[in-house]
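Enquirer:
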Amino acid sequence: MKKIVLVALASLSLFSCGKEKKSEEVKQPEKVNKFVVKMNAVYQEDDSLSIVYKVDTYFQYEKAVSLKVKGSPELQNLSVDLPVGVAAENLQITMSTNKNQKKLTVNNIQILNDNKEVFNVTNQVITDYFDFNPGIVLEADRSFTLKFGGEYPPGLTGNQNLEGEFLK
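The numbering of the sequence shown is the UniProt record's numbering, which starts it at 1 and goes up by one.
(1) Taking one C-beta from the stretch 150-163 and one from the stretch 84-100 each time, how about it: are there three or more such pairs within less than 8 angstroms?
(2) Buried or exposed: where does ASP46 fall if 16 or more other Cβ atoms within 10 Å of its Cβ makes it buried?
(3) Suppose you measure from the CA of GLU30 to the CA of LEU138; what does that come to, to the nearest Å?
(4) Buried or exposed: ILE32, going by 16 or more other Cβ atoms within 10 Å of its Cβ?
(5) Report the CB separation of VAL55 from GLU89 in whole angstroms; it is logged as a contact under 8 angstroms.
(6) Considering only residues of the stretch 49-103, which uninterrupted beta strand (DSSP E) runs meet the minimum length of 3 residues and lie entirely inside it, listed in chain order?
(7) With H, G and I counted as helix, E and B as strand and the rest as coil, what does DSSP make of PRO40?
(8) Around the Cβ of TYR53, are there at least 16 other Cβ atoms within 10 angstroms (buried) or fewer (exposed)?
(9) How close, in whole Å, do the beta carbons of GLN101 and GLN44 come, if the pair is a contact with beta carbons under 8 angstroms?
(10) What residue from ASP81, VAL121, TYR129 has the CA that sits closest to ASN115's CA?
(11) Identify which residue in LEU67, ASP128, GLY135 has its Cα closest to the Cα of GLY164.
(12) By alpha-carbon positions, which one of ASN161, THR105, PHE35, GLN76 ends up nearest to PHE130?
(13) Can you tell me which residues form a DSSP beta bridge with GLU117?
(14) Given that a residue counts as buried once 16 or more other Cβ atoms are within 10 Å of its Cβ, and exposed if not, what is ALA140?
(15) Just the C-alpha distance for LEU91 and PHE59, rounded to the nearest angstrom, thanks.
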């Protein structure tokens with residue numbers, strides 16, 4: 001009798017163990033939000049640019065990220081890292097703070113998040129994604145003429161099209 005009970009218990013435990021498989025959850029890696037803004041541009045004079053990012057519908061002016069640029073007649077690859085963990089929704093770029101800088105050439109602006117391209121715009125369609133403040137004028141040759149002395153330094157602000165790229 002003891003043998004029958006032991007065999008029955010062993011059989012039950014073997015069959016029931018097979019039915020209790022735990023479903024394993026597939027974990028997606030968390031999005032790090034490591035944004036990098038890259039520009040291919042010509043700055044003739046030493047200068048600096050700064051980027052303000054938008055989070056939760058507000059531009060974070062007190063957290064602007066700056067980059068010093070060495071003047072050169074050659075195209076330069078410029079790169080600005082936003083703080084890690086910031087879920088940027090849009091950008092505002094102050095293109096120059098040097099009043100001696102009269103013109104700029106920007107071939108493209110690229111935005112990466114965690115080394116994946118979010119956005120890449122050439123000079124030809126830059127006005128589709130950025131609004132220019134009165135301190136910057138896009139010329140027929142696609143260069144920027146900079147005007148200082150106004151209310152704001154020469155700059156660009158991402159429009160709704162750029163915000164849409166961040167949401168993708």
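Every residue gets a Cβ at the ideal spot worked out from N, C-alpha and C, and that includes glycine.
Expert: The answer reads as follows:
(1) Yes, the stretch 150-163 is in contact with the stretch 84-100.
(2) It is exposed - the Cβ of ASP46 has fewer than 16 other Cβ atoms within 10 Å.
(3) LEU138 has its alpha-carbon roughly 40 angstroms from the corresponding atom of GLU30.
(4) The sequence shown places Val at residue 32, not Ile. With fewer than 16 Cβ atoms within 10 Å of its Cβ, VAL32 is classed as exposed.
(5) 6 angstroms
(6) 65-69, 76-81, 90-94
(7) It should be noted that the sequence gives Asn, not Pro, for residue 40. Here ASN40 sits in strand by DSSP.
(8) Buried, by the Cβ-count rule.
(9) With 8 angstroms as the limit, GLN101 and GLN44 qualify as a contact, their Cβ atoms being about 7 angstroms apart.
(10) Selected option, being the one with the closest Cα: ASP81.
(11) ASP128
(12) ASN161
(13) LEU112
(14) exposed
(15) 8 angstroms
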